[in-house]
Amino acid sequence: MNSTLNSIFTAGSKWNFLPFRPGLVGGHCIGVDPYYLTHKAQEIGYHLEVILAGRRINDSMAGYVADEVVKLMTRRKMQVVDARILVLGLTFKEANTYNAIILAVVHPEFLQLGAAGIHAFGKPGHVLHDVKCSLKKTEADGRL
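Structure follows, in structure tokens:
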């Protein structure tokens, strides 16, 4: 079990625990509201560095996942330039010609597809990066 899942499992022993998992940040409250808060705080002389540090980390997650997918593709000696990559949870196009698949959001439709259904979108030998750790560890090539 990786350290993130181990931490989530351990924290789950608390009665009020909510099992949030790392992922690409979306939505208004996490993506936008901290900027409003820090802007207003700075207007009155407060500097909310912890909130801004969290935003910098969240803002870098897409690049981090992209780097991880490039590393996975490189290990398989796949050409990265001009590769077609499917990001599930960002958009949807029917195709089975992708070199890499990134499972970014755990929509029920994606879970119903299962690992085999998601892998069906890829070319033979493609890589699958499961951002939300929603598949079994053996069903994806990379995960947070």
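The numbers in the numbering used here rise by one with no breaks, and the one at position 4 of the sequence shown is 11. All C-beta atoms, glycine included, are put in the ideal place defined by N, C-alpha and C.
State the DSSP-derived secondary structure class of residue i, mapped to helix, strand or coil.
i    : result
N23  : coil
Y105 : strand
F99  : Note that F99 scores a pLDDT of 49, beneath 50, so its modelled location is shaky; the value from the coordinates is reported in the next line. Three-state DSSP puts F99 in coil, outside helix and strand.
H133 : strand
V94  : strand
G149 : strand
L110 : strand
For residue i, which residues of its own chain have a beta-carbon under 7 Å away from its beta-carbon, when the five flanking residues on both sides are left out?
i   : result
E75 : H136 and G149
Pop quiz: residue i and residue j are said to be a contact at Cβ under 8 Å. What is the actual Cβ separation, rounded to whole angstroms?
i    : j    : result
Y105 : R82  : Actually they do not touch by this definition, with Cβ atoms about 17 Å apart.
G96  : L110 : 7 Å
Given that a residue counts as buried once 16 or more other Cβ atoms are within 10 Å of its Cβ, and exposed if not, what is residue i?
i    : result
I125 : buried
I64  : exposed
V72  : buried
H133 : buried
F128 : buried
L93  : buried
V138 : buried
I108 : buried
C140 : buried
* **Meets three-Cβ-pair contact criterion under 8 Å: the segment 108-124 and the segment 42-53** => No, the segment 108-124 does not touch the segment 42-53.
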